[in-house]
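J.: The opening position of the sequence shown corresponds to residue 102 in our numbering, with each subsequent residue numbered one higher.
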Amino acid sequence: MHGSWDVSQLADPCRTLTQEEVGQVLKIPVNPALKVDSWPPVCAFGITPAFGPLAPSEKPSVTEYFYILDDSEASGRDDFERGRSNPAAVEAVSGIGDEAYWTPDKYELQVMSGKTHLTAKFSGAKPPADPKTKVIALARIALPRAKPQ
102 MHGSWDVSQL ADPCRTLTQE EVGQVLKIPV NPALKVDSWP PVCAFGITPA
152 FGPLAPSEKP SVTEYFYILD DSEASGRDDF ERGRSNPAAV EAVSGIGDEA
202 YWTPDKYELQ VMSGKTHLTA KFSGAKPPAD PKTKVIALAR IALPRAKPQ
């Protein structure tokens, strides 16, 4: 763990996905990536379902967000384990990383691959249809980029 909690010392989570990739998987327009300086840092994509392609001057309300974050510090493993502490609330997911689980009531996927913890989730008023499949598809794109080089 870093001696200080200076998030500027951590890799930008927005390196893991592009606006175009998120839009292609979700099949709806998404806002450009926005880095949120939390611990660990989060990359947020505002989703504007039902608005169609946006003209540059239009500013519809964002009703949903897709978040992606990664943590290759020891705290990543701790967060992964904490998230699955209630086995009745999570579903194991295979085919991505070393271990993964889906939390249906949070629309959230947690993945461990080596020492990298990746979280991908929807948050807001109304997630897109089939959120689990879409989150897994986005996590598969992001995971190789999240691992330390």
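C-beta atoms are modelled at their ideal positions from N, C-alpha and C, and glycine is treated no differently.
(1) Thinking TYR208 and PRO232 are a contact (beta carbons under 8 Å), I'd like their distance in whole angstroms, please.
(2) Since LYS248 and SER214 should fall inside the 8 Å C-beta cutoff, what is the C-beta to C-beta distance between them, to a whole number of angstroms?
(3) Take ALA189 as the anchor and find which of PRO205, ASP180, GLU165, ALA243 has the nearest alpha-carbon.
(4) Measuring CA to CA, which of GLY196, LEU219, PHE167, GLY198 is closest to ALA175?
(5) Measuring straight from C-alpha to C-alpha, what distance separates ARG183 and VAL191?
(6) With burial defined as no fewer than 16 other Cβ atoms inside 10 Å of the residue's Cβ, what is the status of PRO154: buried or exposed?
(7) Which of the three DSSP states, helix, strand or coil, is assigned to GLY124?
(8) Name the DSSP bridge partner or partners of PHE146?
(9) Judging by CA-CA distance, which residue of ILE197, ASN187, GLN120, THR217 is the nearest neighbour of ALA238?
(10) Can you check the segment 165-207 for any beta strand (DSSP E) of at least 3 residues that lies completely inside it and give the ranges in chain order?
(11) Alpha carbon to alpha carbon, how far is ILE129 from ALA240?
T.: This is what the structure holds:
(1) 5 Å
(2) So it is a contact: roughly 7 Å between Cβ atoms.
(3) Among PRO205, ASP180, GLU165, ALA243, the Cα nearest to that of ALA189 belongs to PRO205.
(4) LEU219
(5) The straight-line gap from Cα to Cα measures roughly 12 Å.
(6) For PRO154, the predicted model reports a pLDDT of 45, less than 50, meaning its position is unreliable; a value from the coordinates is still stated below. The residue in question, PRO154, is exposed, as its Cβ has fewer than 16 Cβ neighbours within 10 Å.
(7) helix
(8) In DSSP, PHE146 forms a bridge with PHE167.
(9) ILE197
(10) 165-172, 200-204
(11) 17 Å
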